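Novice:
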Amino acid sequence: MTGSLTFVLGGARSGKSRHGEALIAEHPAPWHYIATAEALDAEMGARIAAHRARRDARWITAEAPRDVAGALGAIPDGAPVLVDCLTLWLSNLLLAEADLEAETGRLVEILAAPRGPWVAIANEVGLGIVPENALARRFRDAAGVLNQRLAARADRVILTVAGIPIRAR
Amino acid sequence: MTGSLTFVLGGARSGKSRHGEALIAEHPAPWHYIATAEALDAEMGARIAAHRARRDARWITAEAPRDVAGALGAIPDGAPVLVDCLTLWLSNLLLAEADLEAETGRLVEILAAPRGPWVAIANEVGLGIVPENALARRFRDAAGVLNQRLAARADRVILTVAGIPIRAR
Amino acid sequence: MTGSLTFVLGGARSGKSRHGEALIAEHPAPWHYIATAEALDAEMGARIAAHRARRDARWITAEAPRDVAGALGAIPDGAPVLVDCLTLWLSNLLLAEADLEAETGRLVEILAAPRGPWVAIANEVGLGIVPENALARRFRDAAGVLNQRLAARADRVILTVAGIPIRAR
Chain B
572 MTGSLTFVLG
582 GARSGKSRHG
592 EALIAEHPAP
602 WHYIATAEAL
612 DAEMGARIAA
622 HRARRDARWI
632 TAEAPRDVAG
642 ALGAIPDGAP
652 VLVDCLTLWL
662 SNLLLAEADL
672 EAETGRLVEI
682 LAAPRGPWVA
692 IANEVGLGIV
702 PENALARRFR
712 DAAGVLNQRL
722 AARADRVILT
732 VAGIPIRAR
Chain U
572 MTGSLTFVLG
582 GARSGKSRHG
592 EALIAEHPAP
602 WHYIATAEAL
612 DAEMGARIAA
622 HRARRDARWI
632 TAEAPRDVAG
642 ALGAIPDGAP
652 VLVDCLTLWL
662 SNLLLAEADL
672 EAETGRLVEI
682 LAAPRGPWVA
692 IANEVGLGIV
702 PENALARRFR
712 DAAGVLNQRL
722 AARADRVILT
732 VAGIPIRAR
Chain H
572 MTGSLTFVLG
582 GARSGKSRHG
592 EALIAEHPAP
602 WHYIATAEAL
612 DAEMGARIAA
622 HRARRDARWI
632 TAEAPRDVAG
642 ALGAIPDGAP
652 VLVDCLTLWL
662 SNLLLAEADL
672 EAETGRLVEI
682 LAAPRGPWVA
692 IANEVGLGIV
702 PENALARRFR
712 DAAGVLNQRL
722 AARADRVILT
732 VAGIPIRAR
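Protein chains in written order, with this note's numbering: chain B, 572 to 740; chain U, 572 to 740; chain H, 572 to 740.
1) Quick check on the burial criterion: 16 or more other C-beta atoms within 10 angstroms. Buried or exposed for residue 601(H)?
2) Can you tell me where the alpha helix (DSSP H) with residue 590(U) in it begins and where it stops?
3) Please decide whether residue 702(B) counts as near chain U, where near means a Cβ-Cβ distance under 8 Å.
4) Can the beta-carbon of residue 678(H) be found closer than 8 Å to that of residue 639(H)?
5) Which one or two residues does DSSP pair with residue 602(U) in a beta bridge?
6) With which residues is residue 711(U) paired in a DSSP beta bridge?
7) Using a Cβ-Cβ distance cut-off of 8 Å, determine whether residue 591(H) contacts chain B.
8) Establish whether the CB of residue 735(B) and some CB of chain U are separated by less than 8 Å.
9) What ranges does the beta strand (DSSP E) occupy inside the region 668-714 of chain U, keeping only unbroken runs of at least 3 residues that lie completely in it?
10) So the candidates are 720(B), 608(B), 664(B), 724(B); which of them puts its Cα closest to the Cα of residue 709(B)?
11) Closer than 7 Å by C-beta to residue 574(U): which residues in its own chain qualify, once you throw out the five before and the five after it? Chain order, please.
12) If you measure from the beta carbon of residue 594(B) to each beta carbon in chain U, is any gap under 8 Å?
13) Closer than 8 Å, CB to CB, is residue 663(B) near chain H or not?
14) For a cutoff of 8 Å on Cβ pairs, would you count residue 707(B) as touching chain U?
15) Taking the alpha-carbon positions, what's the residue 736(B) to residue 591(B) distance?
16) List the endpoints of the continuous alpha helix (DSSP H) containing residue 658(U).
17) Identify which residue in 697(U), 632(U), 701(U) has its Cα closest to the Cα of residue 662(B).
18) Quick check on DSSP: helix, strand or coil for residue 618(B)?
19) For residue 717(B), which of helix, strand or coil comes out of DSSP?
20) So what's residue 740(U) in DSSP terms, helix, strand or just coil?
21) Would you grab the beta carbon distance between residue 658(U) and residue 714(U) for me? Rounded to a whole angstrom, and I think it's under 8 Å.
22) Starting from residue 667(H), find everything on chain B with Cβ-Cβ shorter than 9 Å and list it in chain order.
23) Sorted by chain position, which residues of the same chain lie with C-beta nearer than 6 Å to residue 649(B)'s C-beta, five sequence neighbours on each side aside?
24) Since residue 576(H) is in the beta strand (DSSP E), which residue starts that stretch and which ends it?
25) Along the alpha helix (DSSP H) that carries residue 643(H), what are the first and last residues, could you check?
26) Quick check on the burial criterion: 16 or more other C-beta atoms within 10 angstroms. Buried or exposed for residue 642(H)?
27) Could you give the first and the last residue of the continuous beta strand (DSSP E) run that contains residue 731(H)?
28) Let me check understanding here. Comparing Cα to Cα, which of 697(B), 682(B), 717(B), 584(B) lies closest to residue 670(B)?
29) For a contact meaning CB atoms closer than 7 Å, what does residue 740(H) contact in chain U?
30) Does the Cβ of residue 611(H) have 16 or more other Cβ atoms within 10 Å, making it buried, or fewer, making it exposed?
31) Comparing the C-beta of residue 672(U) with each C-beta of chain H, is any distance below 8 Å?
32) Could you check the C-alpha separation between residue 619(B) and residue 627(B) for me, to the nearest Å?
33) State the beta-bridge partners of residue 653(H) as determined by DSSP.
34) Going by C-alpha to C-alpha distance, which of 644(B), 599(B), 585(B) sits closest to residue 605(B)?
35) Taking the alpha-carbon positions, what's the residue 706(U) to residue 692(U) distance?
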């Protein structure tokens, strides 16, 4: 059974999720959505609700703020999956004081052996000024390492800029 | 009468304004410049002066920190116009506590029906770490939404990176 | 004697250094490495050590946190050189209260007359939200100006995104 991994990378509000959903919708439903967002506050809750409102009944949602590997393990062979998004997953792990390096390595290995048309979304966060906050710098580094590793193993890499998907590889 | 809309998007000091001016200068003068910057402090005043010094007498400048729609309405049919920049316009509206969503929708509709060679400039601001400040997050979201909407309606979209214009669509 | 200048530009942890090293390694060793990083604290020390661990004995390292021009002057004709990175150099000059505009102009002139296969690395830092800190805004502007000037004079410009080199010019 062959699968493929597409990595969609972009900034905040660049159309990453929308493009990821469009790529998945090229395949027959049902579609699996692995959501890493947690509604820890009202702002986050509103974002989650807005994303959810865009998805119809053909989507099967699994909430996996930390255990994306486990959620992927439960997906049937051949099924289309959208993981949205890995940067948030990394941020959840940081708050849980997990070993980011080890967790990243483990998840990238799983994503690099897709059992269907899989799409993973992440944020590019390294193109601003160096953050003053040491934790933010550590997070920025970990996110960049994750993005590099995933891009190296993905079958295709797409950057979204102002809603435009640009093929990077 | 047919017009066209070019959207130039880039980071701080990426050569957006210079490229926008070059695109306008392909057309016969006079050229219209709709400036959204306000000299609220010395730093901003210096930036405005530096931009202005680059433009010669062929440019007709209209200051429109908030009413870009009104300024566009006053432009003669067929005339080349540069709007610089929409992200600053959005920031002015945020400070004025306007409805960003509604204002963005309204302006994008006007820009999407150009009556000459029109060029609109905006900043990409979503490729750094999530801002700690809630207002900055709201602004970042609104700027991203504006960029997506404008890109979707523009005839061409150009990214500037280190002064290099890259055609995105 | 002809040389060439390649400018590698990217975000934090985007694979800039690795790609710069790969470009240099296309040429016969020994390879010259002009390092602008200073181990002012433990975090910076760890970064320097990680970079250094990747380079083997074929690399000749010169530490030049501020005098990159001097270090380039000492490089033999025809030798491959990697300068990593100019944004850090600019940051060192800012802390030393140097005239960033003048120093940038002077260094770009030297880099624009390469005496071998030269590769210069810099960070793109202008794609996030406007920094609240005035010094950070000044730095961001100076970094953008440096990137534009260098890109204009380089024989090729490469953007790195998630470890993927993208030819910009």
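All C-beta atoms, glycine included, are put in the ideal place defined by N, C-alpha and C. Only a predicted model underlies this, so the values are computations on that prediction, with no experimental measurement involved.
Specialist: Based on what the coordinates show:
1) Along the third sequence, one-based indexing puts residue 601(H) at 30. Around the C-beta of residue 601(H), fewer than 16 other C-beta atoms lie within 10 Å, and the residue is accordingly described as exposed.
2) Looking up residue 590(U) in the second sequence gives position 19. Per DSSP, residue 590(U) is one residue of the alpha helix (DSSP H) stretching across 587-595.
3) Taking the first sequence and counting its residues from 1, the one referred to as residue 702(B) is at position 131. Residue 702(B) has a beta carbon lying within less than 8 Å of a beta carbon in chain U.
4) In the third sequence, the residue the question calls residue 678(H) occupies position 107. In the third sequence, the residue the question calls residue 639(H) occupies position 68. Yes, these two residues count as a Cβ contact at 8 Å.
5) Here residue 602(U) refers to the residue found at position 31 when the second sequence is read from its first residue. Note: residue 602(U) sits in a beta bridge opposite 630(U).
6) For this step, residue 711(U) is matched to residue 140 along the second sequence. Answer by DSSP bridge pairing: none, since residue 711(U) is not bridged.
7) What you label residue 591(H) is simply residue 20 of the third sequence in a count that begins at 1. Taking Cβ atoms only, chain B never reaches closer than 8 Å to residue 591(H), which makes this a no.
8) To locate residue 735(B), count along the first sequence from 1; it is residue 164. Against chain U, the CB of residue 735(B) has a partner CB under 8 Å away; the residue lies at that interface.
9) Listed in chain order, they are 688-694.
10) Residue mapping note: residue 709(B) aligns to position 138 of the first sequence, counting from 1. Of the candidates 720(B), 608(B), 664(B), 724(B), the one whose C-alpha sits nearest the C-alpha of residue 709(B) is 664(B).
11) Counted from its first residue, the second sequence places residue 574(U) at position 3. Apart from sequence neighbours up to five positions away, the residues of its chain that approach residue 574(U) with a beta-carbon distance below 7 Å are 685, 686, 687, 688, 689, ordered along the chain.
12) Locating residue 594(B) in the first sequence gives position 23, where the first residue counts as 1. So, not an interface residue.
13) Translated into positions along the first sequence, residue 663(B) becomes position 92. Under the Cβ distance rule, residue 663(B) does not count among the residues neighbouring chain H, no pair being separated by less than 8 Å.
14) Taking the first sequence and counting its residues from 1, the one referred to as residue 707(B) is at position 136. The beta carbon of residue 707(B) sits closer than 8 Å to some beta carbon of chain U.
15) Numbered from 1 along the first sequence, position 165 holds the residue referred to as residue 736(B). Numbered from 1 along the first sequence, position 20 holds the residue referred to as residue 591(B). Residue 736(B) and residue 591(B): Cα-Cα distance of roughly 10 Å.
16) Counting from one through the second sequence, the residue named residue 658(U) turns up at place 87. Per DSSP, residue 658(U) belongs to the alpha helix (DSSP H) from 657-666.
17) As a working note, residue 662(B) is residue 91 in the first sequence. With distances taken between Cα atoms, residue 662(B) lies closest to 701(U).
18) Reading the first sequence from its first residue, position 47 is the one you call residue 618(B). In the structure shown, residue 618(B) falls within a helical segment according to DSSP collapsed to helix, strand and coil.
19) For the purposes of this step, residue 717(B) is identified with residue 146 of the first sequence, where counting begins at 1. The three-state secondary structure of residue 717(B), taken from DSSP, is helix.
20) Translated into the one-based positions of the second sequence, residue 740(U) becomes position 169. Three-state result, residue 740(U): coil.
21) Locating residue 658(U) in the second sequence gives position 87, where the first residue counts as 1. Locating residue 714(U) in the second sequence gives position 143, where the first residue counts as 1. Taking 8 Å as the upper bound for CB-CB distance, residue 658(U) and residue 714(U) are in contact here, some 5 Å apart.
22) Position 96 of the third sequence, counted from the start, is the residue given in the question as residue 667(H). In chain B, no part has a C-beta under 9 Å from the C-beta of residue 667(H); the shortest such distance is about 18 Å.
23) By 1-based counting over the first sequence, the position of residue 649(B) is 78. Contacts found: 687.
24) By one-based count along the third sequence, residue 576(H) stands at place 5. That run of the beta strand (DSSP E) goes 575-581.
25) By one-based count along the third sequence, residue 643(H) stands at place 72. 639-644 is the span of the alpha helix (DSSP H), which, as asked, contains residue 643(H).
26) Walking along the third sequence from the start, residue 642(H) turns up at place 71. Under this definition residue 642(H) is a buried residue.
27) By 1-based counting over the third sequence, the position of residue 731(H) is 160. Start and end: 727-732.
28) Residue numbering aside, residue 670(B) sits at position 99 when the first sequence is read from its first letter. Sorting 697(B), 682(B), 717(B), 584(B) by C-alpha distance to the C-alpha of residue 670(B) places 717(B) at the top.
29) Within the third sequence, the letter at position 169 stands for residue 740(H). Under the 7 Å cutoff, chain U gives 735.
30) Here residue 611(H) corresponds to residue number 40 of the third sequence, with the count starting at 1. By the neighbour-count rule (16 or more Cβ atoms within 10 Å), residue 611(H) is not buried but exposed.
31) Against the second sequence, residue 672(U) aligns to sequence position 101. Residue 672(U) does not count as touching chain H.
32) Here residue 619(B) refers to the residue found at position 48 when the first sequence is read from its first residue. Here residue 627(B) refers to the residue found at position 56 when the first sequence is read from its first residue. Using only the alpha carbons, I get a separation of about 14 Å.
33) Working through the third sequence from its first residue, we reach residue 653(H) at position 82. Paired residues: 604(H), 690(H).
34) As a working mapping, residue 605(B) is identified with position 34 in the first sequence. Nearest in C-alpha terms to residue 605(B), of all of 644(B), 599(B), 585(B), is 644(B).
35) Here residue 706(U) refers to the residue found at position 135 of the second sequence. Here residue 692(U) refers to the residue found at position 121 of the second sequence. Computed Cα separation, rounded: 22 Å.
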